[in-house]
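Protein chains in written order, with the numbering used here: chain E, 802 to 1097; chain G, 2 to 291.
Using N, Cα and C, we set each Cβ at its ideal position, and we do this for glycine too.
Note that the structure is a prediction, hence the values are computed from the model and not measured.
Read through the structure below, which is laid out as structure tokens, and then see the notes.
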């Protein structure tokens, strides 16, 4: 099979986009973990659920700001939603960027309400009506729908890259969405684990979160392999090698970290936040090499 | 004379391009493009480099360097698969250029138009592809999608820009500036059906004259549904940095597999999370109140 050929120019998506992809992944991943715990977790685990909703919204806040700053005409950010030439809504389901803009708006609402609910459950009296809302069946439904949009936000960024004619991005078209999602889940679990060090939780809670982190890491590792195979077959793997090997090392360390702390005596003596920080660096490195490598 | 609102385009006959760059100059003059600062590209007589926001026409110089055995290889401008050198048929004793005035192809199935989230990119009454500068917000998704590397980002306007096929001139009954300036009529402007007939005749004449590698690129629907700016090439499309029919794919091909991959991963991720937390709930452990 001959290698695929690409003559497309790079769009010069750089640091703002990297920031958005990282925080979008963490926001969507944290929301999903929070909802899983809300619906399926033990009562003792609900503190992480609240923490997850809070992290999810805080990570989301910079996202639209980063996206707007990346535009050549930032004051026209609303053109993503309104077709100014036709005077109608700008919605193109076949354009991931259009779909993502709308999903961000909708997910923002879900994340914000869940955030208020988490604050209310944590004791913020002014928000007490939200506590009742998020606890009941309605809250579970709200969380499930929000999770759908959260996972979409974590995933569609990969599809956005794939729906192009760029080397690597379009060559690994079916993998990138899943890879970014899995990486977002791994990173989110790692971030919550790091934050748990400063909160009083049952020992079992941290163990379960670590188990979830390992499950997500296995999923991510499978997708990393599929990604490498895809671009290898396409003949464009050279775009993400060379200097980018440094970032690959971080990705691999980030994937191994959750297993190291459970299996290795030496790793157990690491500072408590070492493994989560490695996972988060892996999340950052993965997106950085996929964004920057093909454009260099 | 008014130009009717029906499909128009360019037929660029590379066999008679002499690389004078009159098209580049005329384009810049009419469209008030400043151009990029001159730079040494080490690429034959090409100091334009590529199509971008400042260069809506670009004359490619694919230089044939003679080998010891009398055959020729390109100077690197014609990048082949995996970086391998492409070996075209020697012309003029093995020392010659293939020249092509490149431009936006105004594809029938336009990748840029497909992905543009703001609907800034539209198809005009002349069947050309236009970026509305008042609507574009500079997201650059079209640059990522264009398979020809045609679109560039203008730092001053903060928008994506490319050839408009001189939309303003068309509206006023004038042919595009590049076609008008071309001294050899390598660039022909006209109604698409007329151009296609002329191109067929020219190809037949060349092939009869022994130029067996001559081919029409974008004349039929094999590349992006047909191109309103199509070419007569003297070698394979790859030699001119053009994707062949096999590699000419729309970005949307990755929509369904991309989302499906995401959906499957989402389900697997949710299962992984549920497995980790469900056991504690089932065992009734850790009965700390919420």
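Subject >> CB contact check: residue 140(G) to chain E, cutoff 7 Å >> reply: Here residue 140(G) refers to the residue found at position 139 when the second chain is read from its first residue. Answer yes: the Cβ-Cβ gap between residue 140(G) and chain E drops below 7 Å somewhere.
**OP:** Answer yes if the region 197-216 of chain G comes into contact with the region 1068-1084 of chain E, meaning at least three C-beta pairs across the two stretches below 8 Å, and no otherwise.
**Re:** With the rule of 3 Cβ pairs closer than 8 Å, the region 1068-1084 of chain E does not count as touching the region 197-216 of chain G.
Original post:
Under 7 Å between the Cβ atoms of residue 234(G) and residue 218(G)?
Top reply: Within the second chain, residue 234(G) is the residue found at index 233, counting from 1. Within the second chain, residue 218(G) is the residue found at index 217, counting from 1. Cβ atoms of residue 234(G) and residue 218(G): closer than 7 Å.
Original post:
Considering residue 965(E), what are the terminal residues of the beta strand (DSSP E) in which it resides?
Top reply: The residue you call residue 965(E) lines up with position 164 of the first chain. Premise fails: residue 965(E) is in no beta strand (DSSP E) and is neither H nor E.
Subject >> Contact under 7 Å by Cβ, residue 98(G) with residue 62(G) >> reply: Locating residue 98(G) in the second chain gives position 97, where the first residue counts as 1. Locating residue 62(G) in the second chain gives position 61, where the first residue counts as 1. At the C-beta level, residue 98(G) and residue 62(G) come within 7 Å of one another.
**OP:** Mind checking which residues open and close the beta strand (DSSP E) that includes residue 161(G)?
**Re:** To locate residue 161(G), count along the second chain from 1; it is residue 160. Segment 160-162, the beta strand (DSSP E) holding residue 161(G).
**OP:** Kindly list, in the order they appear in chain E, the residues whose Cβ is closer than 8 Å to that of residue 146(G).
**Re:** Along the second chain, read from residue 1 onward, the residue named residue 146(G) stands at position 145. The contacting residues are 809, 964, 965 and 966.
Original post:
What are the residues of the region 111-123 of chain G that lie near chain E, defined by any Cβ-Cβ distance shorter than 8 Å?
Top reply: Correct list: 112, 115, 116, 117, 118, 119, 120, 121 and 123.
Subject >> Beta-carbon spacing of residue 1074(E), residue 1031(E) below 7 Å >> reply: Here residue 1074(E) is taken as the residue at index 273 of the first chain, counted from 1. Here residue 1031(E) is taken as the residue at index 230 of the first chain, counted from 1. Not a contact, by the Cβ cut-off of 7 Å.
Original post:
Going along the chain, which unbroken runs of the alpha helix (DSSP H) with 4 or more residues stay wholly within the region 934-1000 of chain E?
Top reply: Qualifying alpha helix (DSSP H) stretches, in chain order: 938-963 and 977-997.
Original post:
For residue 54(G), which residues of its own chain have a beta-carbon under 7 Å away from its beta-carbon, when the five flanking residues on both sides are left out?
Top reply: For the purposes of this step, residue 54(G) is taken as the residue at position 53 of the second chain. Excluding positions up to five away in sequence, the list reads 153, 154, 155 and 162.
Original post:
Closer than 7 Å, CB to CB, is residue 806(E) near chain G or not?
Top reply: Taking the first residue of the first chain as position 1, residue 806(E) is located at position 5. By this cut-off, residue 806(E) is an interface position.
Subject >> Endpoints, the beta strand (DSSP E) within which residue 193(G) is located >> reply: Here residue 193(G) is taken as the residue at index 192 of the second chain, counted from 1. Not the beta strand (DSSP E): residue 193(G) falls in the alpha helix (DSSP H), residues 193-209.
Original post:
Terminal residues of the continuous beta strand (DSSP E) containing residue 168(G)?
Top reply: Position 167 of the second chain, counting from 1, holds the residue named residue 168(G). Careful: residue 168(G) lies outside any beta strand (DSSP E), inside the alpha helix (DSSP H) at 168-172.
Original post:
Leaving out five residues before and five after residue 906(E) in sequence, what residues of the same chain have Cβ atoms less than 6 Å from its Cβ?
Top reply: Numbered from its first residue, the first chain carries residue 906(E) at position 105. Excluding sequence neighbours, residue 906(E) sits near nothing in its chain.
Subject >> Sequence ranges, alpha helix (DSSP H) only - wholly within the region 1036-1068 of chain E, length at least 4 >> reply: Within the region 1036-1068 of chain E, the complete alpha helix (DSSP H) runs of at least 4 residues are 1046-1064.
**OP:** Count the C-beta pairs between the region 833-840 of chain E and the region 177-187 of chain G that are closer than 8 Å, then say yes if the count reaches three, no if not.
**Re:** Using a C-beta cut-off of 8 Å, the region 833-840 of chain E makes no contact with the region 177-187 of chain G, since fewer than three inter-stretch Cβ pairs fall below that distance.
Original post:
What residues from chain E crowd round residue 102(G), counting only those whose CB sits closer than 8 Å?
Top reply: Working through the second chain from its first residue, we reach residue 102(G) at position 101. Within 8 Å Cβ-Cβ: nothing; residue 102(G) doesn't reach chain E, min ~16 Å.
Subject >> Distance between residue 908(E) and residue 951(E) (C-alpha atoms, nearest Å) >> reply: Stepping through the first chain from its first residue, residue 951(E) is reached at position 150. Stepping through the first chain from its first residue, residue 908(E) is reached at position 107. Whole-angstrom Cα-Cα distance: 6 Å.
**OP:** State the Cα-Cα distance for the pair residue 857(E) and residue 1023(E), rounded to the nearest angstrom.
**Re:** Locating residue 857(E) in the first chain gives position 56, where the first residue counts as 1. Locating residue 1023(E) in the first chain gives position 222, where the first residue counts as 1. So the two alpha carbons sit approximately 25 Å from each other.
Original post:
Hey, out of 146(G), 142(G), 129(G) and 197(G), whose CA is closest to residue 169(G)'s CA?
Top reply: On the second chain, position 168 is the one that residue 169(G) refers to. Per the Cα distances, 129(G).
**OP:** Run the CB neighbour count on residue 1021(E), radius 10 Å, all protein chains shown included, and call it buried at 16 or more, exposed below.
**Re:** For the purposes of this step, residue 1021(E) is taken as residue 220 along the first chain, with counting starting at 1. The residue in question, residue 1021(E), is buried, as its Cβ has 16 or more Cβ neighbours within 10 Å.
Subject >> Unbroken beta strand (DSSP E) run spanning residue 816(E), endpoints >> reply: For this step, residue 816(E) is matched to residue 15 along the first chain. Note, residue 816(E): premise wrong, no beta strand (DSSP E); alpha helix (DSSP H) at 816-841.
**OP:** Verify the CB distance criterion: does residue 1044(E) have a CB-CB separation below 7 Å to chain G?
**Re:** By 1-based counting over the first chain, the position of residue 1044(E) is 243. False, the Cβ-Cβ gap to chain G never drops below 7 Å.
Original post:
Roughly how many angstroms lie between the CA atoms of residue 1038(E) and residue 968(E), to the nearest whole one?
Top reply: Locating residue 1038(E) in the first chain gives position 237, where the first residue counts as 1. Locating residue 968(E) in the first chain gives position 167, where the first residue counts as 1. Whole-angstrom Cα-Cα distance: 9 Å.
Subject >> Closest by C-alpha distance to residue 939(E), when choosing among 923(E), 1036(E), 914(E) and 958(E) >> reply: In the first chain, the residue the question calls residue 939(E) occupies position 138. Cα-wise, what sits closest to residue 939(E) is 914(E).
Subject >> Interface flag, residue 362(G) vs chain E, CB-CB below 7 Å >> reply: A question about residue 362(G) goes unanswered here, because the residues of chain G that appear run from 2 up to 291.
Original post:
Going along chain G in order, which residues have a C-beta closer than 7 Å to the C-beta of residue 837(E)?
Top reply: Indexing the first chain from 1 puts residue 837(E) at position 36. Those within 7 Å of residue 837(E) in chain G are 271, 274, 275 and 278.
Original post:
In chain order, what residues of the same chain lie with their CB nearer than 8 Å to the CB of residue 9(G), ignoring the 5 residues before and after it?
Top reply: As a first step, residue 9(G) must be located in the second chain, where it is residue number 8. Cβ within range, chain order: 127, 128, 129, 166, 171, 190, 191, 192, 193 and 229.
**OP:** Note down, in chain order, each residue of its chain lying with its Cβ closer than 7 Å to the Cβ of residue 971(E), except the 5 sequence neighbours on either side.
**Re:** What you label residue 971(E) is simply residue 170 of the first chain in a count that begins at 1. If you ignore the 5 residues before and after residue 971(E), its C-beta comes within less than 7 Å of the C-beta of 963 and 965, all in its own chain and listed in chain order.
**OP:** Give a yes or no on whether 7 Å exceeds the smallest Cβ distance from residue 202(G) to chain E.
**Re:** Position 201 of the second chain, counting from 1, holds the residue named residue 202(G). No, residue 202(G) lies away from the interface with chain E (no Cβ there is under 7 Å from its Cβ).
Original post:
What whole-angstrom Cβ distance do residue 120(G) and residue 886(E) have, given they're in contact under 8 Å?
Top reply: Against the second chain, residue 120(G) aligns to sequence position 119. Against the first chain, residue 886(E) aligns to sequence position 85. Right, the Cβ-Cβ distance comes to about 6 Å (below 8 Å), so this counts as a contact.
Original post:
Who pairs with residue 13(G) in a beta bridge, going by DSSP?
Top reply: The residue labelled residue 13(G) in the question sits at position 12 within the second chain. Answer is 188(G) and 232(G), bridged to residue 13(G).
Original post:
Which runs of the beta strand (DSSP E) fall wholly inside the region 119-157 of chain G and span at least 3 residues, in chain order?
Top reply: Along the region 119-157 of chain G, the beta strand (DSSP E) occurs as fully enclosed runs of 3 or more residues at 122-124, 130-132 and 153-155, listed in sequence order.
**OP:** Give me whichever residues DSSP pairs with residue 59(G) in a beta bridge.
**Re:** Residue numbering aside, residue 59(G) sits at position 58 when the second chain is read from its first letter. Residue 59(G) is bridged to 103(G).
Original post:
Applying a beta-carbon distance threshold of less than 7 Å, which residues of chain E neighbour residue 154(G)?
Top reply: Counting from 1 along the second chain, the entry for residue 154(G) is found at position 153. Within chain E, 813 and 873 have C-beta atoms less than 7 Å from the C-beta of residue 154(G), given in sequence order.
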